[in-house]
Amino acid sequence: MAAIGGLRRLCSIGLSAVSQNSGLKALRLCQYRAFGVNGALRQQPFDSPTEKPQFPGASADFVDHLEFIQPNVISGIPVYRVMDRQGQIINPSEDPQIPKEEVLNFYQKMTLLNTMDRILYESQRQGRISFYMTNYGEEGTHIGSAAALDPNDIVFGQYREAGVLMYRGFPLDLFMAQCYANADDLGKGRQMPVHYGSKDLNFVTISSPLATQIPQAAGAAYALKRENVNRAVICYFGEGAASEGDAHAGFNFAATLECPIIFFCRNNGYAISTPTNEQYRGDGIAARGPGYGMMSIRVDGNDVFAVYNATKEARRRAIAENQPFLIEAMTYRIGHHSTSDDSSAYRSVDEVNYWDKQDHPISRLRHYMTARGWWGEEEERAWRKQSRKLVMEAFERAERRLKPRPELLFSDVYQEIPSNLEKQKESLWRHLQQYKEHYPLDVYDK
Amino acid sequence: MAAVARFLVRASGSSKASITNVSNGVHSKVGVSLLRVSSGFNPHAKTQKRHAAHFTFQAEPAQTKYGPTQKMNLFQSVTSALDNTLASDPTAVIFGEDVAFGGVFRCTVGLRDKYGKDRVFNTPLCEQGIVGFGIGVAVAGATAIAEIQFADYIYPAFDQIVNEAAKYRYRSGNLFDCGNLTIRAPWGCVGHGSLYHSQSPEAFFAHCPGIKVVILYRAAVDQVPVEAYHIPLSEAEVLQEGSDVTMVAWGTQVHVIKEVAAMAQEKLGVSCEVIDLQTILPWDTETICKSVVKTGRLLISHEAPVTGGFAAEISSTVQEECFLNLEAPISRVCGYDTPFPHIFEPFYIPDKWKCFDAVKRMINY
Numbered sequence: 001m002a003a004i005g006g007l008r009r010l011c012s013i014g015l016s017a018v019s020q021n022s023g024l025k026a027l028r029l030c031q032y033r034a035f036g037v038n039g040a041l042r043q044q045p046f047d048s049p050t051e052k053p054q055f056p057g058a059s060a061d062f063v064d065h066l067e068f069i070q071p072n073v074i075s076g077i078p079v080y081r082v083m084d085r086q087g088q089i090i091n092p093s094e095d096p097q098i099p100k101e102e103v104l105n106f107y108q109k110m111t112l113l114n115t116m117d118r119i120l121y122e123s124q125r126q127g128r129i130s131f132y133m134t135n136y137g138e139e140g141t142h143i144g145s146a147a148a149l150d151p152n153d154i155v156f157g158q159y160r161e162a163g164v165l166m167y168r169g170f171p172l173d174l175f176m177a178q179c180y181a182n183a184d185d186l187g188k189g190r191q192m193p194v195h196y197g198s199k200d201l202n203f204v205t206i207s208s209p210l211a212t213q214i215p216q217a218a219g220a221a222y223a224l225k226r227e228n229v230n231r232a233v234i235c236y237f238g239e240g241a242a243s244e245g246d247a248h249a250g251f252n253f254a255a256t257l258e259c260p261i262i263f264f265c266r267n268n269g270y271a272i273s274t275p276t277n278e279q280y281r282g283d284g285i286a287a288r289g290p291g292y293g294m295m296s297i298r299v300d301g302n303d304v305f306a307v308y309n310a311t312k313e314a315r316r317r318a319i320a321e322n323q324p325f326l327i328e329a330m331t332y333r334i335g336h337h338s339t340s341d342d343s344s345a346y347r348s349v350d351e352v353n354y355w356d357k358q359d360h361p362i363s364r365l366r367h368y369m370t371a372r373g374w375w376g377e378e379e380e381r382a383w384r385k386q387s388r389k390l391v392m393e394a395f396e397r398a399e400r401r402l403k404p405r406p407e408l409l410f411s412d413v414y415q416e417i418p419s420n421l422e423k424q425k426e427s428l429w430r431h432l433q434q435y436k437e438h439y440p441l442d443v444y445d446k
Numbered sequence: 001m002a003a004v005a006r007f008l009v010r011a012s013g014s015s016k017a018s019i020t021n022v023s024n025g026v027h028s029k030v031g032v033s034l035l036r037v038s039s040g041f042n043p044h045a046k047t048q049k050r051h052a053a054h055f056t057f058q059a060e061p062a063q064t065k066y067g068p069t070q071k072m073n074l075f076q077s078v079t080s081a082l083d084n085t086l087a088s089d090p091t092a093v094i095f096g097e098d099v100a101f102g103g104v105f106r107c108t109v110g111l112r113d114k115y116g117k118d119r120v121f122n123t124p125l126c127e128q129g130i131v132g133f134g135i136g137v138a139v140a141g142a143t144a145i146a147e148i149q150f151a152d153y154i155y156p157a158f159d160q161i162v163n164e165a166a167k168y169r170y171r172s173g174n175l176f177d178c179g180n181l182t183i184r185a186p187w188g189c190v191g192h193g194s195l196y197h198s199q200s201p202e203a204f205f206a207h208c209p210g211i212k213v214v215i216l217y218r219a220a221v222d223q224v225p226v227e228a229y230h231i232p233l234s235e236a237e238v239l240q241e242g243s244d245v246t247m248v249a250w251g252t253q254v255h256v257i258k259e260v261a262a263m264a265q266e267k268l269g270v271s272c273e274v275i276d277l278q279t280i281l282p283w284d285t286e287t288i289c290k291s292v293v294k295t296g297r298l299l300i301s302h303e304a305p306v307t308g309g310f311a312a313e314i315s316s317t318v319q320e321e322c323f324l325n326l327e328a329p330i331s332r333v334c335g336y337d338t339p340f341p342h343i344f345e346p347f348y349i350p351d352k353w354k355c356f357d358a359v360k361r362m363i364n365y
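One line per chain: the protein sequences are P and E, in this order.
First residue of the first sequence: 1, per full-length UniProt numbering; consecutive thereafter.
First residue of the second sequence: 1, per full-length UniProt numbering; consecutive thereafter.
Take a look at the structure:
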């Protein structure tokens, strides 16, 4: 009996048929064993390396020596560049030949964003708005990619892509209205500053949770594919956000469900204080793309033309072939993470200065324009003055405006206000009647 | 024997939206449709001493107000609802893990063949991806019906549901919404599902403004209208009128309290009013409070653990609204504050004897 028990353990571990020493069971177990042996004898001899593996999970050849695949992080995916730091086109065949007017537009949008950043950053320092995040050093990634899109393409962003809205013509007044959360804010003053959104400009409202937009963007791209209207989706995120589970979800879904989407990663070296060597150990984000079966490229994010070219081609192919593309734009976060952060606590001023002074997307484009005689000191002075005036005027208008009506706290939770919320709204109203002097009602719309 | 209960969670949609055989929704529906399959109910099985069903199905009288009906169990009626939706809404898509071949609970059988693989498709195995993807589909204006294979596995998508789906409309000032999203998921105990095939997570979602949580039940086999029809959300249904005690439940537990009502009548001469809450959020306070004003006593029962369970919300609200009418403390008969156990399920669930005892104590208070 001990032998049968041993046999049973050998042959049918995990099977529920239990062996209480019945002769019938022993017989069956022996048959099972015999069958196993016959099966092994009938197997074709394993003859040569020419035989193909038949596993459903991958298409590959056998290999007869043990070798782990090594990541290539020393010599990573190269950084695509169109012009050098002096604004010189390196390879004429890659020159996008963008007409003068449009190049001037690029420059003006980048610098207008920069001017707005400076003024709003200062206004936060003075306590006039509660929070702000600048775009210093990443203006080229916004403008270059936005210019390569169709205005109907849907944009999902993280929070450091205000230049995309700027390029699409979002009025300064609405940027300010959102940051001030005044009565003109399309978002009805409900979100923190820089959480912009515009239905008309197909820019999906920003939310704070990182990377949540990535699988959402894949879903939106799938819906656009079914509509068959030649629209694509672009989804921006930082290299830190790419560590979230949602990034993995979004990349994998976009690939398996064949979505016309461009994943645009702004790799600026830091996620708040965390440098990239604490964020990942592979070759950045671009190297992950092929792992998902995704066409991928790395570009110089301070080269607006490189960004433009890559985005343009990715968009063309994403729509034509219904497949996702990954662009990793290498750049540097020149500003603090936000107004609640002092980046000198974790990185050197020299490091920041290098990027600000030696390799900035705005100065690079200016070199390019100057070399062509499209821009000079005079134009620069006049535009600085004008852009500052535009921003200051919008700023002052926004500051004077009242906040939205307090009852807007209750709408849009659902499409219709449910009865429990109606009651809560009435209860607040009654409360305010009695205690109005304790609330800042004078700064809110009536 | 098959399907019993159905649980839906929906996001920032209109309160008038419907749940049953159609979702031509222009509204956010994070629907979690829960299916109970009980393999331990075979009366002829002698060898296996698995605990018998803790409830009995009672088919409703056939309704004809919605046109011709057909006998369907719960999973067939879910398929029928999905079928009606795909037929009437060309943008609608169904996706999740293993839905293409018909689903592990057979809720999507035949739909891929009928409507095409671009409309009924498998996703990678990733719940946060499924819900995030569904939100995106809905944001782009199409109708997304996502499936989470078990309610127990909805937590990886908690962030997408709570921080994203629920807040999309509000945070954007109504510029964007994901009102066309429904999430369905099988829900509740099944007899042997243990920790991760038995959960009733509705209370986690009930604390989240912006979504709707719905649980419907149906007898094993019932007459179901073939054509699309609507059951309004946020409306409880009084299944049986009574005068002494109000009993509130949802999902399978409705079967339990229906039986308890019969026992209370027979053994104690107590008349129970039986209410199926149906929508957890936003819930129908009016129907419940009206009933308690009449009966003066309230028993709430759910499978989920008692602490922080949705019965606490109902109890507290009724106490506030009906203080002068209450003749006994409100009674909550719920799961214990433990994970859902495997071999101890018969002792864990708030079965009819536990509910019956609570009725007895309330009457004698």
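Every residue, glycine too, gets a C-beta built ideally from N, C-alpha and C.
What's the C-alpha gap between residue i and residue j?
| i | j | result |
| --- | --- | --- |
| G129 (chain E) | S344 (chain P) | 37 Å |
| A147 (chain P) | N309 (chain P) | 10 Å |
| I154 (chain E) | R184 (chain E) | 10 Å |
| I98 (chain P) | V109 (chain E) | 54 Å |
| I272 (chain P) | E416 (chain P) | 39 Å |
| G102 (chain E) | L111 (chain E) | 8 Å |
| I300 (chain E) | A311 (chain E) | 6 Å |
| F340 (chain E) | A262 (chain E) | 28 Å |
| S77 (chain E) | V413 (chain P) | 30 Å |
| P305 (chain E) | V274 (chain E) | 21 Å |
| D342 (chain P) | I262 (chain P) | 32 Å |
| T331 (chain P) | S200 (chain E) | 47 Å |
| N24 (chain E) | V443 (chain P) | Reliability of the predicted coordinates at N24 (chain E) is poor, the pLDDT of 35 falling under 50, and no value is obtained from them. |
| V164 (chain P) | E97 (chain E) | 35 Å |
| M192 (chain P) | E60 (chain E) | 51 Å |
| V214 (chain E) | L175 (chain E) | 26 Å |
| Y439 (chain P) | L120 (chain P) | 27 Å |
| R405 (chain P) | Q178 (chain P) | 15 Å |
Is the Cβ-Cβ distance between residue i and residue j less than 9 Å?
| i | j | result |
| --- | --- | --- |
| G173 (chain E) | T212 (chain P) | no |
| R266 (chain P) | A329 (chain P) | yes |
| G144 (chain P) | V307 (chain P) | yes |
| L181 (chain E) | V137 (chain E) | yes |
| A166 (chain E) | E313 (chain E) | no |
| K258 (chain E) | F356 (chain E) | no |
| V256 (chain E) | A264 (chain E) | no |
| R128 (chain P) | E393 (chain P) | no |
| G282 (chain P) | P92 (chain P) | no |
| P215 (chain P) | G250 (chain P) | yes |
| F75 (chain E) | R106 (chain E) | yes |
| Q149 (chain E) | G132 (chain E) | no |
| A140 (chain E) | L149 (chain P) | no |
| E227 (chain P) | A53 (chain E) | no |
Could you tell me how far apart the beta carbons of residue i and residue j are, in whole angstroms, since I believe they sit closer than 8 Å?
| i | j | result |
| --- | --- | --- |
| A220 (chain E) | I145 (chain E) | About 24 Å separates the two Cβ atoms, so there is no contact after all. |
| V82 (chain P) | E94 (chain P) | 5 Å |
| N302 (chain P) | R364 (chain P) | 6 Å |
| G293 (chain P) | A255 (chain P) | 5 Å |
Evaluate residue i with the Cβ neighbour count: other Cβ atoms within 10 Å of its Cβ, from every protein chain shown; 16 or more gives buried, anything less gives exposed.
| i | result |
| --- | --- |
| G31 (chain E) | With a pLDDT of 39 at G31 (chain E), under the threshold of 50, the modelled position of this residue cannot be trusted, and the question is left open. |
| D113 (chain E) | exposed |
| G289 (chain P) | buried |
| K188 (chain P) | buried |
Taking only beta carbons into account, state which residues of the region 136-152 of chain E come closer than 9 Å to chain P, listed in chain order.
Result list: G136, V137, A138, V139, A140, G141, A142 and A144.
Determine which residues of the region 108-124 of chain E have a Cβ less than 9 Å from any Cβ of chain P, and write them out in chain order.
Per Cβ criterion, the list reads D118, R119, F121, N122, T123 and P124.
Residues of the region 403-417 of chain P with a CB closer than 7 Å to any CB of chain E: list them in chain order, please.
Residues D412, V413, Y414, Q415 and E416.
For the region 252-268 of chain P, list every residue whose C-beta sits within 8 Å of some C-beta in chain E, in sequence order.
Answer set for the region 252-268 of chain P: N252, F253, T256 and L257.
Under 9 Å, CB to CB, which of the residues in the region 155-179 of chain E have a partner in chain C?
Looking for chain C here will not work: the only protein chains present are P and E.
Name, going along the chain, the residues of the region 212-228 of chain P whose beta-carbon falls closer than 9 Å to a beta-carbon of chain E.
Under the 9 Å Cβ criterion, the region 212-228 of chain P contributes T212, Q213, I214, P215, Q216, A217, A218, G219, A220, A221, Y222, A223, L224, K225, R226 and E227.
Residues from the region 316-336 of chain E in contact with chain P, defined by Cβ distance under 8 Å
Within the region 316-336 of chain E, not one residue has a Cβ closer than 8 Å to any Cβ of chain P.
So if I threshold CB-CB distances at 9 Å, which residues from the region 145-161 of chain P count as touching chain E?
Answer in chain order: I154 and F156.
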